[in-house]
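Colleague:
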Amino acid sequence: MSVYLSRQQGAMAITAAIWLVFFLGMTALAFDVGHLFIVRNELQNAADAAALSGANCLNKTTAGPDCTATPSTTINWTMASTKATNAIGLNKSDGTGLISGTVQTGYWNVNGGTALQPTSLSPLGSCTVVAGTMTTTCDKPAVMVTLRRASGSNGGAVGTLIASMFGGSAVSISASAVAVLSSPGSVLPGSLVPVAINQCMYGLYWDALSNSPKSATTTMLNGVPQVIGQPWQLRIGSSYHYPNCQSGQWTSFALDRNDVPSVNNLINNGNPSPLQIGDPTWIEPGTKAAVYDTLDAKYPTPPGADVTVLVVNNPIGWSTNTQTPIVAFAGFRIDEVNKKDKYVEGHFIKGSMSSGASGIGPYYGIYTPPRLAQ
82 MSVYLSRQQG
92 AMAITAAIWL
102 VFFLGMTALA
112 FDVGHLFIVR
122 NELQNAADAA
132 ALSGANCLNK
142 TTAGPDCTAT
152 PSTTINWTMA
162 STKATNAIGL
172 NKSDGTGLIS
182 GTVQTGYWNV
192 NGGTALQPTS
202 LSPLGSCTVV
212 AGTMTTTCDK
222 PAVMVTLRRA
232 SGSNGGAVGT
242 LIASMFGGSA
252 VSISASAVAV
262 LSSPGSVLPG
272 SLVPVAINQC
282 MYGLYWDALS
292 NSPKSATTTM
302 LNGVPQVIGQ
312 PWQLRIGSSY
322 HYPNCQSGQW
332 TSFALDRNDV
342 PSVNNLINNG
352 NPSPLQIGDP
362 TWIEPGTKAA
372 VYDTLDAKYP
382 TPPGADVTVL
392 VVNNPIGWST
402 NTQTPIVAFA
412 GFRIDEVNKK
422 DKYVEGHFIK
432 GSMSSGASGI
442 GPYYGIYTPP
452 RLAQ
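Under the working numbering, the first residue of the sequence shown is numbered 82, with each subsequent residue one higher.
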């Protein structure tokens, strides 16, 4: 009997040892999975932050603390890459400071892109949106950042309890992020000046290949003085045509309002509700001259101001109170407000940032804040 019990006890001891090893292994595995998940999230957060930091510089002239300088005339790939690279070192992974990563710049198709396209892509930022629906590819300036914890990189691969207990290798982990500058498909309340510009004006004075205003080639255009080599100066109002294209008109957005107090309120406070491409907007001809005083008080000329306006495709009918759909949001520089002759004079701009904009739309000189596309 004693021999039998001894064997039974030995079997139980072996079984207990096996279960102990099993539970220790499962505990270590659970710890390792959680730990690796945390490290992976830290790498992803660092990649996101670096990509966004770099993308914020794509359309700026100088870096500064946050790349908030005046817009650049071209996409500033070099500065964006430098800014993203510098941002990598501001973060840690598993308590270890990050040192290096792979930073790439180019164009990213926000309509399902899988690879970064070269900076030489042409036409730049091609994108077509109809009533809020993407109909073609939509390539946007982008920064891609890839970070790795691997042998010889950022403190090496991540050690695990399983490996220390039972043998094995440390785990390599990587994360990547793509941040883009997108042109808006929608805007928040208070984002817009109540002026609509005819899309055909952009066909005449906007270069869709370089995504920038066309430069004046003569010293006079329809009675408006020009500076050769600078963007064309245009007058927006019901009496101004270039040459057969009506320039633009006041708009009251979603509500039909054409009295002075209502238009003054829209000038001072912007659109009262969110708007997106495809939404209807009211064209308001015959607005009283007094509202030009309000616009000039809001944006004194000089010096004037960069504003965001609506773009509508309205070949005819600018002298009629009517609704028409929004086709884009655009940047415009107000240089002069003329009450006597009822026009707003200015020029198209590029590289402006609208804090109240989001989504995806065709590019007419204005960007949304950088956002993550992957």
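The beta carbon of each residue, even a glycine, is placed where N, CA and C say it ideally should be. Treat the numbers as computed from the prediction; the structure is a model and nothing was measured.
Assign LYS221 to buried or exposed, taking buried as 16 or more other Cβ atoms, counted over all protein chains shown, within 10 Å of its Cβ.
Modeller: Buried, since its Cβ has 16 or more Cβ neighbours within 10 Å.
Colleague: Check GLY427 in the structure and name its three-state DSSP category.
Modeller: In the structure shown, GLY427 sits in a strand (DSSP, three-state: E or B).
Colleague: Taking Cβ positions, are SER263 and ILE447 nearer each other than 8 angstroms?
Modeller: No; because the gap between Cβ atoms is not below 8 angstroms, this pair is not in contact.
Colleague: Compute the beta-carbon to beta-carbon distance between TYR520 and ASN292, rounded to the nearest angstrom, for a pair I have assumed lies under 8 angstroms.
Modeller: Residue 520 falls outside the range modelled here, since the chain spans only 82 to 455, and no answer is possible.
Colleague: Have a look at THR403, ASP360, ALA130 and TYR188 and flag the residue whose alpha-carbon is nearest the alpha-carbon of LYS164.
Modeller: For the residues THR403, ASP360, ALA130 and TYR188, the minimum Cα distance to LYS164 belongs to ALA130.
Colleague: Thinking C-alpha only, which one of VAL408, ALA128, GLU123 and PRO396 is nearest SER257?
Modeller: Closest by alpha carbon: ALA128.
Colleague: On a Cα-Cα basis, can you pick out the residue from LYS141, VAL390, VAL226 and LYS295 that is closest to GLN125?
Modeller: It is VAL226.
Colleague: Excluding five sequence neighbours on each side, which residues of the same chain lie with their C-beta closer than 8 angstroms to the C-beta of PRO324?
Modeller: Cβ neighbours of PRO324 beyond the five flanking positions: ASN303.
Colleague: Report the three-state DSSP secondary structure of GLU123 (helix, strand or coil).
Modeller: In the structure shown, GLU123 sits in a helix (DSSP, three-state: H, G or I).
Colleague: Of the choices GLU426, VAL114 and ASN346, whose alpha-carbon is the least far from that of HIS322?
Modeller: If we check each option's Cα against that of HIS322, GLU426 comes out closest.
Colleague: Going by the beta-carbon positions, is the gap between PRO294 and LYS431 smaller than 8 angstroms?
Modeller: Yes, the pair counts as a contact, with Cβ atoms nearer than the cut-off.
Colleague: Leaving aside the five residues before and after ASP377 along the sequence, list all residues of the same chain whose C-beta is less than 6 angstroms from its C-beta, in chain order.
Modeller: Only VAL418 meet the Cβ criterion.
Colleague: ASN235 and THR177 - do their beta-carbons sit closer together than 8 angstroms?
Modeller: Taking 8 angstroms as the Cβ cut-off, THR177 and ASN235 qualify as a contacting pair.
Colleague: Does the count of Cβ pairs from the stretch 363-371 and the stretch 406-416 closer than 8 angstroms reach three?
Modeller: No, the stretch 363-371 does not touch the stretch 406-416.
Colleague: Is the shortest distance between the beta-carbon of ALA335 and the beta-carbons of chain B less than 8 angstroms?
Modeller: No chain B appears in this structure, which consists of one protein chain only.
Colleague: In three-state terms, what does DSSP make of LYS164?
Modeller: The answer is helix: DSSP assigns LYS164 an H, G or I state.
Colleague: In terms of residue numbering, what span does the beta strand (DSSP E) encompassing THR362 cover?
Modeller: That run of the beta strand (DSSP E) goes 361-364.
Colleague: Using a 10 Å radius around the Cβ and a threshold of 16 neighbouring Cβ atoms, would you call ASP387 buried or exposed?
Modeller: Looking at its Cβ environment, which holds 16 or more other Cβ atoms inside 10 Å, ASP387 is buried.
Colleague: Using the DSSP secondary-structure output, state which residues sit across from ASN279 in a beta bridge.
Modeller: According to DSSP, ASN279 bridges with VAL393.
Colleague: Using CA atoms only, rank isn't needed, just tell me which of VAL274, PRO361 and ALA231 is closest to VAL393.
Modeller: The shortest Cα separation from VAL393 among VAL274, PRO361 and ALA231 belongs to PRO361.
Colleague: Contact check, TRP313 vs TYR283 under 8 angstroms by CB: the rounded distance?
Modeller: Not confirmed; about 11 angstroms, so no contact.
Colleague: Rounded to whole angstroms, what is the Cα-Cα separation between LEU315 and ASN192?
Modeller: So the two alpha carbons sit approximately 34 angstroms from each other.
Colleague: For LEU269, which residues from the same chain have a beta carbon less than 7 angstroms from its beta carbon, with the 5 sequence-adjacent residues on both sides left out?
Modeller: So the qualifying residues of the chain are PRO355 and GLY437.
Colleague: Assuming THR332 and VAL276 form a contact by the criterion Cβ under 8 angstroms, report the distance between their Cβ atoms to the nearest whole angstrom.
Modeller: Indeed, because the Cβ distance is near 7 angstroms, the residues count as touching under 8 angstroms.
Colleague: Just curious, the beta strand (DSSP E) that ILE254 is in, first and last residue?
Modeller: That run of the beta strand (DSSP E) goes 254-261.
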